[in-house]
Structure formats: C-alpha cells, structure tokens
Amino acid sequence: MRLTMAFLGILPAAALLLTSRAAAESVDIREWQVPWENSRPRDPYVEPSGRVWFVGQRAHYVASLDPTSGEFVRYDLEDGTGPHNLIVAGDRADAMVWYAGNLNSHIGCLDPQTGGIRKFMMPAARARDPHTLIFDAAHDIWFTVQGGNYVGKLETGTGDVTLIDVPTPRSRPYGIKIDPDGMPWVVAFGTNKLLAIDTESMTLEEIELPDGGARPRRLEITPDGRIWYVDYALGKLGRYDPASRTVSTWDMPSGKSSEPYGMAQDQKGRLWIVETGVQPNRFVGFDTSSETFFSATEIPSGGGRVRHMYYHAPAGEVWFGTDTNFIGRAKVH
C-alpha cells in the first residue's frame with residue numbers, strides 16, 4: 024500500500040484553483056486539479072468533517088482532498104482494480120471507505136488509518152463489475168453490477184453478498200437510490216426500464232418507460248417518493264410516479280444532444296444535472312416544485328464527462344469529478 028500526499032499550493036500554475044465567472048443565474052463552481060494525470064477522478068463523497076473522498080478509476084486508487092488546505096492523500100489499490108465508486112462510513116477519525124472494484128469482481132473496504140483493505144468477492148463469476156454503491160438505513164450496501172446484469176446487497180456485518188438477476192438481458196443496471204420507505208430503485212441504462220427492489224423477497228419489478236429509446240442513467244428520489252431520472256439518449260429529465268404509475272418528461276436545455284449524466288438533489292428538493300454532451304459541460308438546476316429549469320453554469324475545466332455527484336447538505340454543496348482530472352464543488356445554496 025503506497026500512500027501519496029500532494030498539496031494544491033505546490034502544483035504547477037495549471038493546477039491552481041479555478042473559479043467560474045458566473046452570471047447572476049449561475050452557481051459558484053470551484054475546481055481542484057488532481058495531481059495524478061489522466062486518472063479519471065470520480066464519484067466524490069464528503070464525510071462529516073468536510074474531507075472529500077474519491078476514486079481514480081484509471082489509476083487504481085482511492086484518495087481524499089482537504090478543501091481548506093488543498094492537500095490530496097492517495098491510497099493505491101491493486102493494479103487492475105478499476106475503482107468505480109465509493110461511499111464512506113464514519114467521521115474523520117474512523118471513516119471506513121467502501122469502493123467498487125469494477126474490474127476485478129469485489130467490493131473493498133479501506134481503513135485509512137492503517138491502509139488495510141478487506142475484500143468482499145462477488146459470489147458469481149458473471150458479477151465481474153460492481154458499479155455503484157449506496158448505504159441503506161441498516162448501513163448495509165446495495166449496489167449495481169452493470170455488465171453482469173445484477174442488483175446486489177452486501178451485509179456489512181457478515182460480509183454476505185446476495186445477487187438479484189435482472190430478467191432483461193444486457194439491461195446494464197446503473198444508478199441506484201433508496202426511497203423514503205427503504206426500497207432500492209435502479210435505472211437500467213441498457214434498456215428503457217426502471218427497477219424496483221423488494222427487500223423482503225429479494226426480487227425486482229421492471230417498470231418500462233413509454234419511449235423505447237429512453238436510456239435512464241442516474242436517478243434521484245424526492246421526499247414524496249417520486250423517481251426522477253436523466254435520460255442520456257434522448258436528452259430529457261424524466262419523472263416516474265409510483266402511486267399513479269405515470270411518467271412525465273422535460274427536454275433538457277441543450278436538447279437531445281445534452282447527454283445528461285451526473286445528478287444530485289439538494290435539501291430544497293431541487294435537482295442538479297450535468298449536461299455532458301456539450302463542451303464545456305453545463306451544470307443545470309431544475310426546480311421540482313415549479314417544474315422549470317432555473318440555472319445553468321459552464322464547468323470551468325470543461326468537465327469532459329461528469330459521471331456521478333454527491334450533495335453535502337451541511338454546506339449546501341454538490342461535489343463532482345471530471346474526466347478533465349479535476350474535483351469540483353458547486354455552491355447551490
């Protein structure tokens with residue numbers, strides 16, 4: 024295990040903090056350049072102390088950023104891990120970092136205090152690529168397996184892994200969230216379907232969206248239980264209402280070419296979405312009450328692709344990683 028530390032203040036000029044010159048309707052975005060080139064930093068997660076954790080998918084590491092000092096700390100993983108996503112349990116003193124080993128069939132748990140890693144292997148050979156992780160109320164982990172075509176659960180206390188097969192072949196289970204009643208929901212990026220997981224029977228229901236060309240990629244669930252998703256293929260924001268089983272859609276501001284991807288919800292129930300089909304990527308706000316888009320800000324580094332985002336409620340911030348090798352923060356309230 025190699026641990027590497029770097030400070031923003033000693034990086035080259037190109038690595039200096041970037042700040043958007045935002046118009047009145049824009050939000051303030053700041054970015055920190057990651058000191059490990061072309062590593063695809065992604066999927067940040069903020070612990071209570073404010074330390075920001077993320078993975079380097081191409082360079083096989085877990086790392087943290089202290090936004091105040093600009094310090095980066097790196098923990099190397101086994102070559103070929105391809106970490107895709109992480110979530111963090113605990114505060115700065117005892118944080119345990121759980122990551123998806125997307126290229127070698129495991130979910131790992133990193134102890135930053137010791138550098139030690141526990142690996143929880145997938146129980147089926149086809150489950151080769153754990154994808155996106157989320158904690159439930161019991162602090163067990165639900166996750167998607169995109170290429171393997173599963174939704175899974177890892178019981179963190181016992182290490183037991185249960186996999187639920189998705190009936191539609193090549194459905195590519197992708198983003199995952201848990202609704203107010205504790206039910207996991209998944210978007211199936213390879214199809215025009217949402218997946219609702221029954222946690223008692225460990226079965227799932229496939230819910231077909233009306234447009235066969237829809238390809239939902241990420242989702243958020245508002246307190247009223249409605250499922251909001253970004254349609255990457257059609258350039259739309261969609262909403263599924265489980266109570267009425269109806270679907271509504273809105274065209275993204277940049278239209279069909281917008282390729283909406285990263286998505287987050289703030290404490291006001293507003294959605295923040297990144298249009299990745301335009302360069303620079305655009306960070307867009309949508310008010311779910313008025314059902315209108317109200318904000319758009321270009322990402323200073325360009326973004327390339329913003330794939331997953333995390334909302335840190337205490338500070339009113341949305342955090343994201345970019346394919347241009349930055350970790351970014353948007354002040355949304």
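Position one of the sequence shown corresponds to residue 24 (my numbering), numbered consecutively onward. For every residue, glycine included, the Cβ atom is placed at its ideal position computed from N, Cα and C.
Option in the options with minimal Cα separation from residue i
i	options	result
V297	P233, W59, G285	G285
G139	D163, A150, E101, N125	E101
S312	G292, R305, P146, S267	G292
T185	T191, K176, D310	K176
G213	E229, G205, F309, S87	E229
N125	H154, K142, V253, A160	H154
V368	L88, G235, W165	Not covered by the structure: residue 368. The range shown for the chain is 24 to 356.
M225	V189, R352, W59	V189
K354	E314, G326, F306, D310	F306
T269	V301, D234, Q302, P283	D234
H129	G113, F166, P135, I244	F166
R238	Y252, T245, L227, P246	Y252
T222	S194, R195, A160	A160
E48	M144, G308, D114	G308
A118	A86, P207, V50, I244	A86
P246	S271, G205, V341	G205
E314	D183, P323, T272	T272
F143	A123, N215, S194	A123
G327	G103, P283, D114	P283
G113	T104, L227, F158	F158
Backbone CA spacing between residue i and residue j [nearest angstrom]
i	j	result
E321	T299	11 Å
P276	F316	8 Å
I52	F343	10 Å
R360	V329	Given that the chain is displayed from residue 24 to residue 356, the structure contains no residue 360 and the question cannot be resolved.
G198	D152	14 Å
Y98	R141	14 Å
V209	K200	7 Å
S267	H356	32 Å
L232	K259	13 Å
S318	D310	9 Å
S281	H83	29 Å
T91	G171	40 Å
R44	R352	Because R44 sits at a pLDDT of 35, beneath the cut-off of 50, its placement in the model cannot be relied upon, and the following sentence gives the value as read from the coordinates. Distance between the alpha carbons of R44 and R352 is about 14 Å.
D134	E340	26 Å
L156	I220	15 Å
I250	P207	11 Å
Q136	D289	31 Å
S194	P106	21 Å
S72	C132	20 Å
T191	Y255	19 Å
A46	P323	With a pLDDT of 37 at A46, under the threshold of 50, the modelled position of this residue cannot be trusted; read the value that follows with caution. Approximately 13 Å, taken between the alpha carbons.
T104	D183	21 Å
A36	V301	In this prediction, A36 has a pLDDT of 29, which is less than 50 and means its spatial position is unreliable; nothing more can be read from the coordinates.
D274	L227	29 Å
Y333	V50	16 Å
Contact belief for residue i with residue j at Cβ below 8 Å, rounded distance in angstroms
i	j	result
V78	N108	7 Å
N61	R81	6 Å
D346	R63	6 Å
V111	E70	5 Å
I350	E94	Actually they are not in contact, since the Cβ atoms of I350 and E94 sit about 12 Å apart, beyond 8 Å.
E243	A287	7 Å
Q169	P146	With 8 Å as the limit, Q169 and P146 do not qualify as a contact, their Cβ atoms being about 17 Å apart.
Endpoints, the beta strand (DSSP E) within which residue i is located
i	result
H331	It is not in any beta strand (DSSP E) - H331 carries neither H nor E in the DSSP assignment.
G261	259-264
G175	173-177
I305	The question names Ile, but residue 305 in the sequence shown is Arg. Element bounds for R305: 305-310.
Q362	This structure does not reach residue 362, given that the chain is present from 24 up to 356, and the question cannot be answered.
G351	349-354
F316	315-321
F143	140-144
Q56	51-56
L100	L100 -> no beta strand (DSSP E), and no H or E assigned at all.
A147	That residue, A147, is in no beta strand (DSSP E); it is neither H nor E in DSSP.
A211	207-211
V168	164-168
H83	From DSSP, H83 is part of no beta strand (DSSP E); its letter is neither H nor E.
M286	283-288
D240	According to the sequence provided, residue 240 is Arg. The question's Asp does not apply to it. Element bounds for R240: 239-244.
K216	216-221
C-beta atoms of residue i and residue j nearer than 8 Å
i	j	result
D66	H335	no
Y263	L217	yes
P203	G261	no
W121	I187	no
N304	G325	yes
L294	K279	no
H162	T179	yes
Y68	W59	no
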